[in-house]
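When you line the sequence shown up against mature numbering (1 follows the signal peptide of the UniProt record, and there is no 0), it's residues -34 to -1, 1 to 451, in that order.
We treat Cβ as the ideally placed atom computed from N, Cα and C, and that holds for glycine.
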Amino acid sequence: MGHQKIRSLRVLALGLSLALAMIGLFTWAPLGHADPNTDTVVNPNTKGSITVHALEGGTINDKPTGAVDSSTSSAKSVDNVAFTLKKHADIDVSTLDGMKKAAAVKADTFNADSSTPLTCTSVGDSCKFENLSPAVYLLEQTSAPKGYQKAIKSVIVLPLTNAAGNGFIYDIHVYPKNAKAGKITKENTTPKGTFLKEGSEMTFKITVPIPAKDDKNPYTEFSVTDSPVSGLELTTNSITKIQLGAEDLTSSTHFNVTKDSNNIKVSFTSDGLSKLNGISSETNLLVYVKGTVKGIADAGAVKNKASYTYKRKDGSTGGGETGDDDSNPDSTLKFGFIKITNVEAGTNTNLTGAKFKIGKCSNDEKSLSKNAKDILSGEFESGTNALGPVGMLETGKLCVEQTQAPTGYALNPEATAKSFNSAALTSVSKSAPMEFKIENTKSSDFLSKLPLTGGPGVIAFLVGGALLLIAAVATMVRKRRQDQE
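Below, the structure is given as structure tokens:
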């Protein structure tokens, strides 16, 4: 009897335990642990995340949902991309009023709170911001690998309504675009061997690769700027031709040219943008420029920079410039300075009074070119530092020709020629000009070899003349006597 009573109590206790366990199973888990996709109201205590997938190229899906996007599976990921995430200061997205305010937030006027922005850098194909409270966030790319443009800033509301419209997504996936940056280059197209000096004309070619059209995200602005750094002057007439591939573009119709300080800017019109947005494959935009060498004595080199900028329909901007790295330098042409030293041949005795001309050598390298454009204006004296400057000559040589010898010295029979290429100018500067050492021989060294024409020589001529005269008279007398006989 007692044993049966004990057994009954044990069964009752076990039943109560199971009942309590079942009650706990349904009441222990808080609301925030429910599946976020099935929540029909925003729970401010639910934590979420934003996973950032940086992709290469243009628009893949123009209707993102915040969920994992399978349409990007074939896209190329961009590694080592850095982002920051800022939280809005005063919007509560768990309220209807807060959601209305969130819908009106714009990236350019985003009001961030005072907390330190979160950061992450993509490794492989993504980076993730975790443990985020429901709020409005600003995602901004702070760096991009070389050769890529940064993605446009984005406003992200966490959570987002799911695709079915019956719940919220707390773990959001975004796919910012990192378009490849076409590398702008600038080439000095001045004909090789051109003698360059103050006032000379130089020509350049700017090349900008334009990617194939993106119909979903066309250009809305595009410009190319030539920015001389030193030694070159440009005008609005400096743009001589613009080509898109093989097609010549027309000023005023396709582009306008303006000048700001010494910078020349080419801005594309709506017709010009239509041309850029209509190409079916990557095409080079070619901008041809001419300028005048100016202020080169102080500058020492002609240095010319070029850049381009653009804006697309989605608001993203980009561009590039020469000089970004060693593989894409600015167009630079060094000028060299000259010093003429005039000494007596075989000695270091300095001579004065001589005059010289400086210019490009003729083909035989024994005299100056006959073309006035190839010669520095004026005559120069020896001993003067930093004459010129003259642009380096990759073909031909530089000549110094003596036009007036020092008093008492013979004029040199040919010019003195030297290489004036980039290698020769490596260590040449205004304070260390290239020296042309001109030697002159005394005139007496040549004149002393002539036969003497002084007093004794004159007497000999007179005596000889007298003897000839006497002989002539004697001959005439003898002939007369013969005639009389």
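Segment limits, alpha helix (DSSP H) that includes residue i
i, result
"K66", "L62 to A69"
"G238", "S236 to L242"
Closest residue to residue i among the options (Cα-Cα distance)
i, options, result
"G285", "K146, D181, Q209 and S328", "K146"
"K277", "L21, Y185 and G312", "Y185"
"T258", "D181, G325, M168 and M400", "M168"
"E106", "S120, Y114 and E96", "S120"
"S395", "A376, N406, N351 and A383", "N351"
"D5", "A117, A130, L21 and D63", "A130"
"P175", "K53, T307, T275 and G362", "T275"
"T61", "G90, P10 and S80", "P10"
"I57", "M442, A263, K42 and N77", "N77"
"T249", "T201, S233, E213 and I205", "E213"
"A265", "K256, K300, S282 and K279", "K300"
"K53", "V34, P83, R444 and K260", "P83"
"T151", "V190, T373, N128 and Q115", "V190"
"V89", "S81, E199, A389 and A20", "A20"
"K231", "L215, T202, T216 and K256", "T202"
"P372", "S92, S410 and K42", "S410"
"S282", "E199, F188 and L98", "F188"
Residue-chain proximity (residue i, chain C), Cβ-Cβ < 9 Å
i, result
"T315", "Among the chains of the structure shown, chain C does not appear; only one protein chain is present."
Own chain, CB closer than 7 Å to residue i, minus 5 neighbours either side, in chain order
i, result
"K171", "E153, T155, L252 and Y254"
"L126", "G32, F134, I135 and I138"
"T315", "V309"
"K179", "N243, G244, I245 and S246"
"H(-2)", "Note that H(-2) scores a pLDDT of 38, beneath 50, so its modelled location is shaky; the value from the coordinates is reported in the next line. Counting only Cβ-Cβ distances below 7 Å, and skipping sequence neighbours, we find nothing."
"V59", "V8, M65, A68, P100, A101, V102 and V123"
"A381", "C327, K332, S333, L334, C365, V366 and E367"
"T369", "K321, F322, K323 and E345"
"L(-17)", "With a pLDDT of only 40 at L(-17), under 50, the local geometry of the prediction cannot be trusted, and the value read off the model is given with reservation. Once the five neighbours on either side are set aside, L(-17) has no close Cβ partner at all."
"A(-14)", "Its pLDDT being 38, under 50, A(-14) is placed unreliably by the model, and nothing is read from it."
"N387", "M358, L359 and E360"
"K339", "F161"
"D280", "I118 and N183"
"G325", "F161, L334, S335, D340, I341, L342 and C365"
Beta-bridge pairing of residue i - partner residues as DSSP gives them
i, result
"I57", "In the DSSP output, where bridge partners are listed per residue, I57 has none listed."
"Y103", "K53 and I122"
"I245", "For I245, which the question treats as bridged, DSSP gives no partner whatsoever."
"N316", "V309"
"I404", "N308"
Same chain only: Cβ atoms within 6 Å of residue i, ignoring 5 sequence neighbours per side
i, result
"T(-8)", "The predicted model places T(-8) with a pLDDT of 31, which falls under 50 and marks its position as unreliable, so this point remains unresolved."
"F303", "A352, G354, P355, K396 and P399"
"P111", "N46"
"L435", "none"
"T313", "none"
"N378", "Q368"
"D63", "none"
"D79", "K53 and A55"
"F402", "I306, V366 and T382"
Enclosing beta strand (DSSP E) for residue i [first to last residue]
i, result
"A265", "No beta strand (DSSP E) holds A265; the alpha helix (DSSP H) holding it covers I262 to A265."
"D226", "F221 to D226"
"S15", "G14 to V18"
"Q209", "I205 to L210"
"T283", "T283 to E287"
"E310", "S297 to E310"
"G357", "L353 to G357"
"C86", "L84 to T87"
"L162", "Neither: L162 is in no beta strand (DSSP E) and is coded neither H nor E."
"Q370", "K363 to Q370"
"F188", "Y185 to S196"
"E167", "E167 to I176"
"C327", "No beta strand (DSSP E) holds C327; DSSP gives it neither H nor E."
"K137", "According to the sequence shown, residue 137 is Asp rather than Lys. D137 to V140 is the extent of the beta strand (DSSP E) around D137."
Cβ shell of residue i (< 8 Å), same chain only, five flanking positions each side left out
i, result
"V195", "K269, N270, K271 and D296"
"K94", "S15, I16, T17, V18 and C86"
"T348", "The amino acid occupying residue 348 in the given sequence is Ser; Thr does not appear at that position. If we look at S348 and ignore the five residues flanking it on each side, its Cβ neighbours are I306, T307, N308, N316, L317, T318, A320, F322 and I404."
"K363", "K326, C327, E331, A383, K384, S385 and F386"
Residue i CB to nearest heavy atom of the ligand FAD below 8 Å
i, result
"S333", "The ligand content of the structure shown is nil, which means the ligand FAD is not present either."
Using 8 Å as the Cβ pair cut-off and three pairs as the minimum, do the segment 63 to 77 and the segment 128 to 145 touch?
-> no
Segment contact flag, the segment 219 to 227 with the segment 314 to 334, C-beta cutoff 8 Å, min 3 pairs | no
The segment 206 to 216 in contact with the segment 264 to 275 per 3-pair CB rule at 8 Å | no
The segment 229 to 240 contacting the segment 158 to 167, beta-carbon criterion three pairs below 8 Å | no
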